[in-house]
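A.B. asks: Just dropping this structure here.
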Amino acid sequence: MNFLLRYGNFLLFLVLEFTALYMVARYNKKQNEIYQSSANLVMGFVYENASTVRNYLFMQAVADSLARENAELRTQLEASKYIVTQERGTVRFPLDTSTIRPDTAQKKDVIQQFNYIAAEVISNSVSRNDNYMTINRGSNHGIRMGMAVISPDGIVGIVRNVTPHYAQVMSILNKRISISAMIKRNRYFGSLTWDGVSPRTMTLDYIPKHADVVRGDTIMTSGFSESFPGELRIGKVVDFKIRNGFYAIDVELDNDLANIRYVYVVENLMLLELSQFKK
Amino acid sequence: MSSTIILRNIIRALFFLAFQVLVLAQITLSKEPFSYIFIFIYPLFLIFLPIKIPTWLSMLVGFVYGFVIDLFLNTMGMHTATCVFMAFIRPALIQFLEPQGGYKDSSSPTRRSMGFIWFLRYAAIFMLIHIFFFFSVEEFTPFYWRKIVFYTIPSYLISMVLVMIYSFLLDPVE
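As you go down the protein sequences, you meet chains A and B in turn.
With positions in the first sequence counted from 1, the corresponding number in this note's numbering is that position plus 5.
With positions in the second sequence counted from 1, the corresponding number in this note's numbering is that position plus 16.
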């Protein structure tokens with residue numbers, strides 16, 4: 006009652022005014038058109054902004070699902086398969102490559118060699134001599150010690166410790182790491198290490214002196230290690246010098262580990278078989 | 017409120033209604049810069065409502081009054097919305113212009129009762145808001161504010177001249 010006394014006039018004003026404006030919009034052609042179009046304008050504005058907000062809120066979920074999908078797509082890549090079909094045929098000299106390289110996409114029989122598990126980095130460091138990161142996937146998701154970790158632009162590290170829900174990854178920015186890598190152009194391979202200086206630069210050692218190296222050469226994984234699939238791009242040559250009879254090549258990494266977020270853990274399904282030779 | 021005042025206001029309402037609808041609405045200024053001049057006389061009824069009339073009553077009266085004008089002028093809701101709005105803000109305007117010593121009960125704010133200067137200010141402000149609000153409703157979108165201002169000014173000036181003529185020729189006592 007008190008409320009009515011105080012705001013009664015205003016409420017009555019609102020009722021009468023909106024009745025009148027309703028009549029204006031309802032019974033006059035020109036004003037009705039304006040009302041319709043501005044209603045559309047306002048609703049369009051509201052819908053558009055609501056969808057922006059919604060997109061923002063669901064960005065995390067979208068990113069997660071994209072990472073998962075990427076992992077699945079990587080799994081389906083030819084590089085993740087072990088080629089079963091044996092290539093037989095007469096090899097003539099001079100070598101005719103067409104006879105030993107049939108159309109790979111159609112004729113080869115393959116079995117899966119690499120699986121990819123998407124994970125998110127939840128802690129990371131690049132400033133110490135021995136850097137580690139933690140990812141939010143663990144043994145429950147099939148992650149085992151020694152698996153390689155890669156990112157869309159390059160390599161990331163090797164799984165060191167595994168708990169049911171998390172895994173600790175030894176970053177490539179770690180003085181104890183050594184990864185088999187090769188120059189893409191001529192397939193000379195060496196060992197990639199980190200000297201602890203810059204988080205964007207690693208050193209490729211043991212490339213023989215007779216190999217020809219030029220600045221800008223692409224460095225990729227060799228595929229000789231048990232963990233990393235072959236032919237993953239790592240970075241490019243920025244500088245090189247001779248040390249102890251071998252090239253020591255400075256490699257600028259393609260990926261920046263200082264702001265990495267999504268990674269893929271590589272599961273090598275042939276690992277057990279490959280490790281037979283190490284005994 | 018005595019029945020004389022009620023009767024006087026009803027007669028006044030009918031008079032302004034007839035004057036607006038039968039005389040002024042028939043005048044069309046078709047020459048280009050004046051083609052949208054609308055001469056307002058009917059707001060004088062709202063201007064002359066008793067000072068102490070309750071706001072709810074003046075809004076209801078304004079609603080009915082504006083609605084009848086809309087019916088005749090075929091402008092459904094536009095004058096109604098304006099009259100309701102003016103009835104709603106009228107107490108604030110009267111309070112704003114309150115002379116020293118306050119108002120006498122039940123008197124209408126006329127030139128004779130309040131003095132020429134006071135009445136001129138009151139009517140000028142009232143008519144300006146009324147006409148501006150009407151053209152705003154008429155355009156129905158703030159995008160055309162230039163057009164609204166362009167329509168308001170000439171209509172306002174001519175209407176004010178008429179209001180002043182009326183208040184001198186037929187000056188109501190209260």
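No residue lacks a Cβ here, since even glycine has one placed at the ideal position from N, Cα and C.
1. What residue range is occupied by the uninterrupted beta strand (DSSP E) comprising residue 159 of chain A?
2. Which term fits residue 207 of chain A, buried or exposed, when burial requires 16 or more other beta carbons within 10 angstroms of its beta carbon?
3. Cα separation between residue 277 of chain A and residue 271 of chain A?
4. Evaluate residue 199 of chain A with the Cβ neighbour count: other Cβ atoms within 10 Å of its Cβ, from every protein chain shown; 16 or more gives buried, anything less gives exposed.
5. What separation, rounded to the nearest whole angstrom, lies between the Cα atoms of residue 58 of chain B and residue 104 of chain B?
6. Residue 91 of chain B by DSSP, collapsed to three states: which one?
7. Rounded to whole angstroms, what's the CA-CA distance from residue 110 of chain A to residue 79 of chain A? Just pull it up for me.
8. Tell me whether residue 248 of chain A sits in a helix, a strand or coil according to DSSP, three-state version.
9. Near residue 191 of chain A, which residues of its chain fall below 8 angstroms by C-beta distance, leaving aside the five closest residues on each side in sequence?
10. In this structure, how does DSSP classify residue 25 of chain B when only helix, strand and coil are distinguished?
11. Going by beta carbon distance, what residues of the same chain come within less than 7 angstroms of residue 261 of chain A, once the five residues before and after it are set aside?
12. Please report the straight-line C-alpha distance between residue 157 of chain A and residue 117 of chain A, rounded to a whole angstrom.
13. Return no unless some Cβ of chain B is closer than 8 angstroms to the Cβ of residue 356 of chain A.
14. Just to make sure I have the definition right: I need the residues of chain A whose C-beta is within less than 7 angstroms of the C-beta of residue 96 of chain B. Which are they?
15. Cβ closer than 7 angstroms: which chain B residues qualify as neighbours of residue 18 of chain A?
16. Only counting the same chain, and skipping five residues up and downstream in sequence, which positions put a Cβ closer than 6 angstroms to that of residue 107 of chain A?
17. Spatial neighbours of residue 53 of chain B within its chain, please: CB distance less than 7 angstroms, with the 5 preceding and 5 following residues excluded, ordered by chain position.
18. Which whole-angstrom value describes the C-beta separation of residue 67 of chain B and residue 110 of chain B, a residue pair presumed to lie in contact below a C-beta threshold of 8 angstroms?
19. I'd like the span of the alpha helix (DSSP H) that includes residue 69 of chain A, first residue to last.
20. Three or more C-beta pairs under 8 angstroms: does that hold for the segment 40 to 49 of chain A against the segment 230 to 248 of chain A?
21. Would you mind working out which of A/253, A/58, A/15 and A/176 sits nearest residue 155 of chain A, comparing C-alpha positions?
22. Just list the alpha helix (DSSP H) runs in the segment 114 to 152 of chain B, keeping only unbroken ones of 4 residues or longer that don't cross its boundaries, in chain order.
23. Closest to residue 181 of chain A by C-alpha separation, out of A/201, A/16 and A/224, would be which residue?
24. When the Cα atoms are used, what is the spatial distance from residue 105 of chain A to residue 281 of chain A?
25. Residues of the segment 34 to 46 of chain A in Cβ contact with chain B at a cutoff of 8 angstroms, in chain order, please.
26. Report the CB separation of residue 173 of chain A from residue 121 of chain A in whole angstroms; it is logged as a contact under 8 angstroms.
27. When you compare the CB positions of residue 227 of chain A and residue 251 of chain A, do they come within less than 8 angstroms of one another, or not?
28. In the DSSP assignment, the beta strand (DSSP E) including residue 175 of chain A goes from what residue to what residue?
29. Which residues in the same chain as residue 81 of chain B place their Cβ atom closer than 7 angstroms to its Cβ, once the five residues preceding and following it in sequence are excluded?
30. Should residue 31 of chain A be labelled buried (16 or more other beta-carbon atoms within 10 Å of its own) or exposed?
31. Near residue 167 of chain A, what residues of its chain come up, given a Cβ to Cβ distance below 7 angstroms and the 5 sequence neighbours on each side ignored?
32. Across the segment 141 to 156 of chain B and the segment 18 to 26 of chain B, are there enough close Cβ pairs to call them in contact, namely three or more that are closer than 8 angstroms?
33. If you reduce the DSSP assignment to three classes, tell me which class residue 108 of chain A lands in.
34. Go through its chain and collect everything with a Cβ distance to residue 266 of chain A's Cβ below 8 angstroms, but skip five positions before and after it.
35. Cβ of residue 77 of chain A less than 8 angstroms from any chain B Cβ?
36. Residues of chain A with CB closer than 7 angstroms to the CB of residue 71 of chain B, please, in chain order.
C.D. replies: Taking the geometry as given:
1. 159 to 167
2. buried
3. 14 angstroms
4. buried
5. 17 angstroms
6. coil
7. With a pLDDT of 45 at residue 110 of chain A, under the threshold of 50, the modelled position of that residue is not reliable, and no figure is offered here.
8. strand
9. 216 and 217
10. helix
11. 205
12. 20 angstroms
13. Because chain A spans 6 through 284 in this model, residue 356 of chain A falls outside it and cannot be assessed.
14. 25 and 28
15. 75, 100 and 104
16. Residue placement at residue 107 of chain A is flagged as unreliable, the pLDDT there being 49, under the threshold of 50; the coordinate-derived value follows with that caveat. Taken in chain order, the list of residues that qualify is empty.
17. 45, 170, 171 and 174
18. 6 angstroms
19. 64 to 81
20. no
21. A/176
22. 127 to 130
23. A/201
24. Note that residue 105 of chain A scores a pLDDT of 49, beneath 50, so its modelled location is shaky; the value from the coordinates is reported in the next line. Their backbone Cα atoms lie some 30 angstroms apart in a straight line.
25. 35, 36, 39, 40 and 43
26. Contact flag wrong, Cβ pair sits at about 19 angstroms.
27. no
28. 172 to 179
29. 29, 61 and 99
30. exposed
31. 143, 144, 148, 149 and 150
32. no
33. For residue 108 of chain A, the predicted structure reports a pLDDT of 49, less than 50, and the residue's modelled location is therefore unreliable. The matter cannot be settled from this model.
34. 125 and 126
35. no
36. 14
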